[in-house]
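Written out below as C-alpha cells is the structure these notes cover.
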Amino acid sequence: MDGWILTLFLIAAFAGGFVSGFSGFAMGLVVSGVWLHIITPIQTAALIAGYGLLTQGYGILKLRQALDWQKIWPLSLGTTIGIPIGVVLLNHLNPVYLRFGVGVLLVLYTAYGLARPAIKPMKIAAGPDIGIGIVNGLVGGLTGLGGIVSTISCQWRGWTKDLQRAVFQPVLFAAFVVISISMAITGAFTPETLKLYALGFPFMLAGLWSGFKLYGKINDETFRKAVLVLLLFAGLSLIVPAVFIRDS
Numbered sequence: 012m013d014g015w016i017l018t019l020f021l022i023a024a025f026a027g028g029f030v031s032g033f034s035g036f037a038m039g040l041v042v043s044g045v046w047l048h049i050i051t052p053i054q055t056a057a058l059i060a061g062y063g064l065l066t067q068g069y070g071i072l073k074l075r076q077a078l079d080w081q082k083i084w085p086l087s088l089g090t091t092i093g094i095p096i097g098v099v100l101l102n103h104l105n106p107v108y109l110r111f112g113v114g115v116l117l118v119l120y121t122a123y124g125l126a127r128p129a130i131k132p133m134k135i136a137a138g139p140d141i142g143i144g145i146v147n148g149l150v151g152g153l154t155g156l157g158g159i160v161s162t163i164s165c166q167w168r169g170w171t172k173d174l175q176r177a178v179f180q181p182v183l184f185a186a187f188v189v190i191s192i193s194m195a196i197t198g199a200f201t202p203e204t205l206k207l208y209a210l211g212f213p214f215m216l217a218g219l220w221s222g223f224k225l226y227g228k229i230n231d232e233t234f235r236k237a238v239l240v241l242l243l244f245a246g247l248s249l250i251v252p253a254v255f256i257r258d259s
C-alpha cells in the first residue's frame, strides 16, 4: 500500500470513528465508501467487524452510567439469533431486490421523520423487543447493516440521546461479536488485515474521541435528526448500488 492509498485509508478510519463517536453507529457506512475502492471487500468487511468492537465498546464505556440491561438484553438476544438466519436466507433470496427494498423503506421512513416532529413515545415489552432484535439481526445478515432496526426502535420510545445510545450500542456490540467470530472461523483476519487494523487503530480512536466531544454539545432533537440523516444515507447506500446492478 503506497503513501497516498494509506493516507486515504487512515482518513476514512478517522472519519468512521468520528461519525460513530457522534452518533453511535454508521462507522461501516462511512469507511466502506472509501475502503472498497482501495482494499478488498473481505478486508473491508473484516476491518469493519474488528473496528466495530472498538467503536461500540468505546461507546458502552463512555455511557456506562446510562446502561440498563433490562432494556438491552431482549434486543441483543434477538439480534444474535437473527444474524445467522439472515446470512442463511441470503443464499436463497435475490440480494439486489432485497437491498433495494430495504433501502426504499429506510428513505421513506427517514424522509417522514425529518419532515415531522418526533412520534409519540411507545412502550415495548421484552417479548416484542426480542422480535425486533430478530428483525434487526435478519436485516444485518441480509444487508450488512446490523443496527438499523434497533436504532430506529430506540427512537420510537422517546428516550434521551444517552439512553438510546446506551441501548443500541450494546446491541451493535453483540452483533459485531457474532460477525467477528464468523469471520475469524472463515479465516478473514489475515496477517495483512491485522496489520491494516493496527495502522488504523489510533486514527479510529482519535475520531471516536472527537465525535464524542461534539456529541456532548448537542440536544436530544439534534441527535434525533442526525440519526435520521445517517439512516437516510444508509438507505441510499443500499438503493444506488442495487439500481446500477439491475441496469447492468
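Just remember that this note's numbering sits 11 ahead of the position in the sequence shown, which is counted from 1. Note that the Cβ used here is the ideal one computed from N, Cα and C, for glycine as well.
Out of C165, T204 and A122, point me to the one whose CA is closest to L247's CA.
Translated into the one-based positions of the sequence shown, residue 247 becomes position 236. Nearest option by C-alpha distance: A122.
Can you look up D231 in the DSSP assignment and give me helix, strand or coil?
Here residue 231 is taken as the residue at index 220 of the sequence shown, counted from 1. If DSSP states are grouped into helix, strand and coil, D231 belongs with the helices.
So which of I59, R75 and A195 has the shortest CA-CA distance to S31?
Translated into positions along the sequence shown, residue 31 becomes position 20. Looking at the Cα atoms, I59 is the closest of the given residues.
If you compare alpha carbons, which of F223, F234 and L219 is closest to Y62?
By 1-based counting over the sequence shown, the position of residue 62 is 51. Among F223, F234 and L219, the Cα nearest to that of Y62 is on L219.
Hey, F25 and F214: beta-carbon distance below 8 angstroms or not?
The residue given as residue 25 occupies position 14 in the sequence shown. The residue given as residue 214 occupies position 203 in the sequence shown. The answer is yes: Cβ separation under 8 angstroms.
So which of I50, V188 and S43 has the shortest CA-CA distance to L17?
Translated into positions along the sequence shown, residue 17 becomes position 6. When only C-alpha atoms are compared, the closest one is I50.
Measure the C-alpha to C-alpha separation of E232 and Q166 and round it to an integer number of angstroms.
For the purposes of this step, residue 232 is taken as the residue at position 221 of the sequence shown. For the purposes of this step, residue 166 is taken as the residue at position 155 of the sequence shown. Taking the straight line from one Cα to the other gives about 11 angstroms.
When you compare each of W80, P52, G152 and E203 to A186 by their alpha carbons, which one comes out closest?
For the purposes of this step, residue 186 is taken as the residue at position 175 of the sequence shown. With distances taken between Cα atoms, A186 lies closest to G152.
Hey, Q180 and I94 are a contact pair by Cβ (cut 8 angstroms); roughly how many whole angstroms apart?
Counting from one through the sequence shown, the residue named residue 180 turns up at place 169. Counting from one through the sequence shown, the residue named residue 94 turns up at place 83. Contact flag wrong, Cβ pair sits at about 17 angstroms.
Run through DSSP, which three-state label would R168 get?
Taking the sequence shown and counting its residues from 1, one reaches residue 168 at position 157. Coil, per DSSP.
Specify whether the region 110-122 and the region 225-243 touch according to this definition: at least 3 beta carbon pairs, one from each stretch, less than 8 angstroms apart.
yes
Report the start-end ranges of each alpha helix (DSSP H) in the region 21-60 that is 4 residues or longer and not cut off at the edges.
Counting only runs of 4+ residues, the alpha helix (DSSP H) found wholly inside the region 21-60 occupies 38-46, in chain order.
Where in the region 103-172 do unbroken runs of the alpha helix (DSSP H), each at least 4 residues long, occur, reported from the N-terminal end onward?
106-126, 137-154 and 159-167
Going by beta-carbon coordinates alone, are I190 and S164 separated by less than 8 angstroms?
Sequence index remark: in the sequence shown, residue 190 carries index 179 (1-based). Sequence index remark: in the sequence shown, residue 164 carries index 153 (1-based). Not in contact: I190 and S164 (Cβ atoms no closer than 8 angstroms).
Tell me the DSSP secondary structure of G198 in three-state form.
The residue you call residue 198 lines up with position 187 of the sequence shown. Note: G198 maps to coil in three-state DSSP.
Is the separation between the beta-carbon of P85 and that of I141 shorter than 8 angstroms?
For the purposes of this step, residue 85 is taken as residue 74 along the sequence shown, with counting starting at 1. For the purposes of this step, residue 141 is taken as residue 130 along the sequence shown, with counting starting at 1. Yes.
Starting from L88, trace the alpha helix (DSSP H) in both directions and tell me its first and last residue.
Sequence index remark: in the sequence shown, residue 88 carries index 77 (1-based). It spans W80 to L101 - the alpha helix (DSSP H) in which L88 sits, taken as one unbroken run.
Using C-beta distances below 7 angstroms, list every residue in its chain close to V160, excluding the 5 sequence neighbours before and after it, in chain order.
To locate residue 160, count along the sequence shown from 1; it is residue 149. Excluding sequence neighbours, V160 sits near I143, V146, N147 and V150.
What separation, rounded to the nearest whole angstrom, lies between the Cα atoms of M194 and Y208?
The residue you call residue 194 lines up with position 183 of the sequence shown. The residue you call residue 208 lines up with position 197 of the sequence shown. Approximately 15 angstroms, taken between the alpha carbons.
Whose C-beta lies closer than 6 angstroms to the C-beta of R110 among residues of the same chain, with five residues either side of it excluded?
What you label residue 110 is simply residue 99 of the sequence shown in a count that begins at 1. Excluding positions up to five away in sequence, the list reads T154, L249 and A253.
Determine the closest residue to L117 out of F244, P202 and A23, with distance taken between C-alpha atoms.
To locate residue 117, count along the sequence shown from 1; it is residue 106. Of F244, P202 and A23, the residue nearest in Cα terms is F244.
Could you tell me the distance, in whole angstroms, from the CA atom of V182 to the CA atom of Q54?
For this step, residue 182 is matched to residue 171 along the sequence shown. For this step, residue 54 is matched to residue 43 along the sequence shown. The C-alpha of V182 lies about 23 angstroms from the C-alpha of Q54.
Taking 6 angstroms as the limit between beta carbons, can you name the residues of its chain near V37, skipping five residues before and five after?
Position 26 of the sequence shown holds residue 37. Here the sequence assigns Ala to residue 37, which means Val is not the residue at that position. The residues are V30 and L241.
In chain order, what residues of the same chain have a beta carbon less than 6 angstroms from the beta carbon of T91, not counting five sequence neighbours either side?
Counting from one through the sequence shown, the residue named residue 91 turns up at place 80. A185 and V189.
Would G28 pass as a contact of L210 if the rule is Cβ separation under 8 angstroms?
Here the question's residue 28 lines up with position 17 in the sequence shown. Here the question's residue 210 lines up with position 199 in the sequence shown. Cβ distance not < 8 angstroms, so G28 and L210 don't count as in contact.
What does a CB cutoff of less than 8 angstroms around L100 pick up in its chain, not counting 5 residues either side in sequence?
Here residue 100 is taken as the residue at index 89 of the sequence shown, counted from 1. Cβ neighbours of L100 beyond the five flanking positions: L149, G152 and L153.
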